[in-house]
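To start, the structure under review is shown below, and the notes come after it.
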Amino acid sequence: MNLNVVLAIFRKDLISSVKSKNLLIILLTPIFLSVLFNSTVSLTDNTIVPIAVYDEGSSADFIEYLSSRDNYDVIIADSTGKSEELLYNQKVAAVMLVPEGFSADIKNGLDPSLNIIVNPYEAKSVAFLQTYKDIIMDFAGQKYPVNVILNTLPEDLQSRFNIPIWIMFTVVFVGMMVLPNTLTTEKEKKTLDAILVSPASEKDVIYGKSFFGLFLTILISLVIIIINKGFVGNFLSTAVFIILGSAVFTGLGLLIASYADNYSSASLLSTIFMAPLILLALLADLSQEIEYIAHLVPSTYVFYGIKSAMLNNSGISDLYPEVGILLIFNILVYMLTFRVLKKKRYI
Numbered sequence: 030m031n032l033n034v035v036l037a038i039f040r041k042d043l044i045s046s047v048k049s050k051n052l053l054i055i056l057l058t059p060i061f062l063s064v065l066f067n068s069t070v071s072l073t074d075n076t077i078v079p080i081a082v083y084d085e086g087s088s089a090d091f092i093e094y095l096s097s098r099d100n101y102d103v104i105i106a107d108s109t110g111k112s113e114e115l116l117y118n119q120k121v122a123a124v125m126l127v128p129e130g131f132s133a134d135i136k137n138g139l140d141p142s143l144n145i146i147v148n149p150y151e152a153k154s155v156a157f158l159q160t161y162k163d164i165i166m167d168f169a170g171q172k173y174p175v176n177v178i179l180n181t182l183p184e185d186l187q188s189r190f191n192i193p194i195w196i197m198f199t200v201v202f203v204g205m206m207v208l209p210n211t212l213t214t215e216k217e218k219k220t221l222d223a224i225l226v227s228p229a230s231e232k233d234v235i236y237g238k239s240f241f242g243l244f245l246t247i248l249i250s251l252v253i254i255i256i257n258k259g260f261v262g263n264f265l266s267t268a269v270f271i272i273l274g275s276a277v278f279t280g281l282g283l284l285i286a287s288y289a290d291n292y293s294s295a296s297l298l299s300t301i302f303m304a305p306l307i308l309l310a311l312l313a314d315l316s317q318e319i320e321y322i323a324h325l326v327p328s329t330y331v332f333y334g335i336k337s338a339m340l341n342n343s344g345i346s347d348l349y350p351e352v353g354i355l356l357i358f359n360i361l362v363y364m365l366t367f368r369v370l371k372k373k374r375y376i
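Take any residue in the sequence shown, note its place counting from 1, add 29, and you have its number in the working numbering.
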């Protein structure tokens with residue numbers, strides 16, 4: 030490895046990234062998303078939910094009670110069809126069809142039916158689903174059989190649970206989206222051929238661009254940690270997983286770029302592979318089947334390592350299996366990347 034060549038490639042990519050507005054936007058995306066996500070307020074605390082109510086008769090007190098709730102905006106419909114039309118046209122988040130004698134039945138200790146229609150995939154409908162049962166129980170004067178004491182985590186502590194997610198996203202995103210751009214641009218402009226006829230080798234190119242990817246990942250990860258006040262847990266272990274994760278995903282990005290003939294095809298391949306890599310790491314706990322598949326991708330080990338280091342104060346000695354597996358991923362990915370780039374050069 031020629032260190033001077035590696036550093037020259039790093040400097041060139043760094044200068045190009047500063048000059049490229051599109052690349053800067055891509056690099057700032059993880060930071061922007063983390064800030065946006067953490068500034069999002071709780072749905073049930075601040076969202077006013079529009080609901081349509083059709084009363085078949087004799088339940089004016091219930092309608093009045095619903096209208097008095099601060100988190101509901103009640104629209105009185107004159108028919109079932111009209112209320113459903115409001116829901117289908119997304120004017121309301123939920124529909125309540127109140128049968129005749131609903132209020133009287135409650136006062137008499139009966140259990141009347143209440144037909145509710147919602148779109149479970151709409152955000153405000155989720156807020157409605159979290160509140161409507163409590164509101165109906167309050168109207169009926171009923172109480173839970175136990176006294177529930179609900180304590181929520183402080184806002185700054187809650188944001189810390191999201192930091193491993195955003196760092197893992199940064200590691201994957203920079204490696205899979207930014208690095209292919211740098212290498213395929215070299216190939217399209219024929220500057221890669223010029224570099225390779227100089228004293229630089231394929232390994233020097235890969236190392237130089239990997240160093241560039243590592244620099245960007247560490248920089249963006251630090252910004253996310255600072256913004257979210259995330260200097261918690263075992264920072265040394267966190268740094269190790271950021272470095273190992275950045276190396277492996279930078280290698281994957283360069284592997285895709287080495288295989289692809291242009292940026293468009295490299296970007297398409299990166300997008301196809303990036304989503305499953307992120308989702309598998311995040312959803313590994315949902316079922317054994319997903320967990321088995323998730324253990325086949327490096328993002329799972331990056332996410333678990335960062336989360337354990339930051340939230341459980343785990344040291345390298347506690348996470349040596351994950352460190353070892355990421356080292357193996359790195360060796361395999363870079364061996365394959367060197368081989369593909371060298372093969373493509375002589376085709």
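Even glycine gets a Cβ: it sits at the ideal position worked out from N, Cα and C. It should be emphasised that the depicted structure is a prediction, and the values quoted were computed from it without experimental measurement.
Which value, in whole angstroms, describes the spacing of the CA atoms of residue i and residue j?
{"i": "Ser-337", "j": "Thr-109", "result": "52 Å"}
{"i": "Arg-156", "j": "Glu-320", "result": "Reading off the sequence, residue 156 comes out as Ala, not Arg. Those two C-alpha atoms are separated by around 30 Å."}
{"i": "Glu-351", "j": "Tyr-117", "result": "48 Å"}
{"i": "Lys-238", "j": "Thr-300", "result": "20 Å"}
{"i": "Leu-297", "j": "Arg-368", "result": "22 Å"}
{"i": "Asp-99", "j": "Ile-178", "result": "22 Å"}
{"i": "Asn-341", "j": "Gly-262", "result": "7 Å"}
{"i": "Asp-314", "j": "Pro-305", "result": "15 Å"}
{"i": "Ile-322", "j": "Leu-309", "result": "8 Å"}
{"i": "Leu-311", "j": "Ile-194", "result": "8 Å"}
{"i": "Asp-290", "j": "Gly-282", "result": "14 Å"}
{"i": "Tyr-83", "j": "Phe-244", "result": "60 Å"}
{"i": "Gln-171", "j": "Leu-158", "result": "19 Å"}
{"i": "Pro-327", "j": "Pro-149", "result": "33 Å"}
{"i": "Gln-119", "j": "Leu-143", "result": "21 Å"}
{"i": "Ile-77", "j": "Asp-107", "result": "22 Å"}
{"i": "Phe-260", "j": "Lys-41", "result": "32 Å"}
{"i": "Ile-345", "j": "His-324", "result": "19 Å"}
{"i": "Ser-275", "j": "Met-303", "result": "14 Å"}
{"i": "Val-64", "j": "Asp-90", "result": "44 Å"}
{"i": "Phe-264", "j": "Tyr-236", "result": "25 Å"}
{"i": "Ile-272", "j": "Pro-79", "result": "48 Å"}
{"i": "Tyr-349", "j": "Ile-38", "result": "33 Å"}
{"i": "Met-364", "j": "Lys-372", "result": "12 Å"}
{"i": "Ile-135", "j": "Ala-169", "result": "6 Å"}
{"i": "Asp-167", "j": "Lys-111", "result": "28 Å"}
{"i": "Lys-153", "j": "Leu-115", "result": "14 Å"}
Using the three-state DSSP reduction, which class does residue i fall into: helix, strand or coil?
{"i": "Val-352", "result": "helix"}
{"i": "Ile-77", "result": "coil"}
{"i": "Tyr-288", "result": "helix"}
{"i": "Asp-233", "result": "helix"}
{"i": "Ile-194", "result": "helix"}
{"i": "Ser-63", "result": "helix"}
{"i": "Asn-137", "result": "coil"}
{"i": "Gly-1", "result": "Past the boundaries of the shown model lies residue 1; the chain is included only from 30 to 376, so the question cannot be answered."}
{"i": "Pro-149", "result": "coil"}
{"i": "Gly-259", "result": "coil"}
{"i": "Asp-42", "result": "helix"}
{"i": "Leu-365", "result": "helix"}
{"i": "Ser-108", "result": "coil"}
{"i": "Ile-178", "result": "coil"}
{"i": "Lys-120", "result": "coil"}
{"i": "Ser-132", "result": "helix"}
{"i": "Ser-88", "result": "coil"}
{"i": "Ser-71", "result": "Interpretation of Ser-71 is limited by its pLDDT of 44, a score under 50 that renders its predicted location unreliable; the figure taken from the coordinates is listed afterwards. Here Ser-71 sits in coil by DSSP."}
Looking at residue i: is its Cβ nearer than 7 Å to the Cβ of residue j?
{"i": "Ala-286", "j": "Thr-213", "result": "yes"}
{"i": "Met-339", "j": "Thr-267", "result": "yes"}
{"i": "Tyr-330", "j": "Ile-354", "result": "yes"}
{"i": "Ile-60", "j": "Val-252", "result": "yes"}
{"i": "Glu-113", "j": "Glu-85", "result": "no"}
{"i": "Asn-191", "j": "Val-277", "result": "no"}
{"i": "Ile-146", "j": "Val-175", "result": "no"}
{"i": "Glu-231", "j": "Leu-370", "result": "yes"}
{"i": "Gly-280", "j": "Val-362", "result": "yes"}
{"i": "Ser-357", "j": "Phe-270", "result": "Contrary to the premise, residue 357 reads as Ile rather than Ser in this sequence. Not a contact, by the Cβ cut-off of 7 Å."}
{"i": "Ser-250", "j": "Ile-196", "result": "yes"}
{"i": "Ser-88", "j": "Phe-131", "result": "yes"}
{"i": "Glu-104", "j": "Ala-81", "result": "First, the residue type needs correcting, since residue 104 is Ile and not Glu in the sequence shown. Contact: yes."}
{"i": "Thr-211", "j": "Leu-284", "result": "no"}
{"i": "Val-34", "j": "Asp-233", "result": "yes"}
Pull the bridge partners of residue i from the DSSP assignment, please.
{"i": "Leu-126", "result": "Tyr-83, Asn-144"}
{"i": "Tyr-101", "result": "Val-78"}
Is residue i near the ligand ADP - that is, is its Cβ less than 6 Å away from at least one heavy atom of it?
{"i": "Lys-238", "result": "Questions concerning the ligand ADP fall outside what the structure shown contains, since it holds no ligand whatsoever."}
Counting only runs of 3+ residues fully inside the stretch 290-357, write out the beta strand (DSSP E) ranges in chain order. none
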